[in-house]
Amino acid sequence: MIDALEDQAAGLRRLFRRAPPTVVALFATGRHRAVSAVETCYRIAGNDGRLLLLDEVAGDGALDTVLELPTGTDLLAVLGDGVEVGDVVQPMPGLIGRVPVGAAALALPLLDELRRQRVVTALRELHRRAGFVVVHASPDGAGDPSPFVFAAPRRLLVAEASRSGATEAYTLIKRLAAAGAGSLHVAVARARDRRDAGAFFASLDKLVREHVGVPLAWLGEVERDDLSAGLAHEAAESSPREPEAAFLRRLASLAREPRRLATR
Numbered sequence: 000m001i002d003a004l005e006d007q008a009a010g011l012r013r014l015f016r017r018a019p020p021t022v023v024a025l026f027a028t029g030r031h032r033a034v035s036a037v038e039t040c041y042r043i044a045g046n047d048g049r050l051l052l053l054d055e056v057a058g059d060g061a062l063d064t065v066l067e068l069p070t071g072t073d074l075l076a077v078l079g080d081g082v083e084v085g086d087v088v089q090p091m092p093g094l095i096g097r098v099p100v101g102a103a104a105l106a107l108p109l110l111d112e113l114r115r116q117r118v119v120t121a122l123r124e125l126h127r128r129a130g131f132v133v134v135h136a137s138p139d140g141a142g143d144p145s146p147f148v149f150a151a152p153r154r155l156l157v158a159e160a161s162r163s164g165a166t167e168a169y170t171l172i173k174r175l176a177a178a179g180a181g182s183l184h185v186a187v188a189r190a191r192d193r194r195d196a197g198a199f200f201a202s203l204d205k206l207v208r209e210h211v212g213v214p215l216a217w218l219g220e221v222e223r224d225d226l227s228a229g230l231a232h233e234a235a236e237s238s239p240r241e242p243e244a245a246f247l248r249r250l251a252s253l254a255r256e257p258r259r260l261a262t263r
């Protein structure tokens, strides 16, 4: 699985590691996950609004409904005739805009090298205007990450301070760990106050460390903290043993699911 994803995401990884912009894969959990994802994007963008939102999620978790936008034109459309890069960007007040990428995420592994490079070139053009690029991903697909998610240097979990938010967050982290992910930044949404947010994170962190082994880096509260400043640092810096832990998790995944991994 890892080798296949590395090959599919190679061009994206090179693009995403250039600075600027900072590229983050965003997962949100809880009953209001779509609203939390939008609020997080605005908090990350701050006052300059230089944030580009790449939205992989379709259906109930998609952001077009929350944003009162039409479904939009997928990034994959740049492979057709007469579609310019700017045509796929849906303007959003205070941000660069939203680009649907669900179809592109599914198709990228199937494209030949020429078409894949055309998609990456379109993204490169969009990146020139951005300080942050957020890939909005579905928690349900965390165990089989798309090339966009796999290539993103940082992963951010926005967990709603609720029972459903905690349950979904733990399940998400287990799926990401099984896919070979390392540390995650975590921000808490909809907490009653600072103490409630801190207690929620501490409980999740303890559970994950005991049963999953993925270090979580506290980013703060969505509604109160400067998320962009925290994202400037690698989450892996919170644990000097992170590379070793990620290596061992990947070996464990290979041992548990040899047929699944071999067929990727």
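Numbering (numbering that gives the first Met the number 0), first residue to last: 0 to 263.
Ideal placement from N, C-alpha and C gives every residue a C-beta, glycine not left out.
When rounded, the separation of the alpha-carbon atoms in Gly164 and Pro92 is 28 Å.
Straight-line spacing of the CA atoms in Pro19 and Thr170 works out to 32 Å.
CA-CA distance, Arg162 to Gly29, rounds to 8 Å. Using a Cβ-Cβ distance cut-off of 8 Å, the region 125-141 and the region 168-185 are in contact, since at least three pairs of beta carbons, one from each stretch, lie closer than that value. Going by C-alpha positions, Ala106 is about 27 Å away from Ser182. Taking a cut-off of 8 Å on C-beta distances, the region 118-125 touches the region 59-77, as three or more cross pairs fall below it.
By the criterion of at least three beta-carbon pairs nearer than 8 Å, the region 49-65 is not in contact with the region 206-216. Rounded to whole angstroms, the gap between the alpha carbons of Leu203 and Ile95 is 33 Å. Proximity to Arg16 across Asp47, Gly130 and Arg117 peaks at Gly130, based on C-alpha coordinates.
In terms of CA proximity to Val37, Val157 leads the group Val157, Leu110 and Arg117. Contact annotation: Asp54 and Val23 have beta-carbon atoms that are not nearer than 8 Å.
By the Cβ-count criterion, Arg97 is buried, with 16 or more other Cβ atoms from all chains shown falling within 10 Å of its own Cβ. Here Ala136 has Ala24, Phe26, Glu55 and Val148 as same chain residues with Cβ atoms under 6 Å from its own Cβ, once five neighbours each way along the sequence are excluded.
In the three-state DSSP reduction, His184 falls in the strand class (E or B).
With contacts defined by Cβ atoms closer than 8 Å, Val185 and Ala196 do not form a contacting pair.
The criterion of a C-beta distance shorter than 8 Å is not satisfied by Glu159 and Arg208. Look at Gly219 here: in three-state DSSP terms it is strand. Under DSSP, Ala27 forms a beta bridge with Val157.
For the options His31, Ile43, Ser35 and Gly10, the alpha carbon positioned closest to that of Ala231 is the one of Ile43. With a beta-carbon spacing of about 33 Å, Gly45 and Gln116 fall beyond the 8 Å limit used to define contacts. By alpha-carbon distance to Leu78, the top candidate from Leu125, Ala103 and Phe200 is Ala103.
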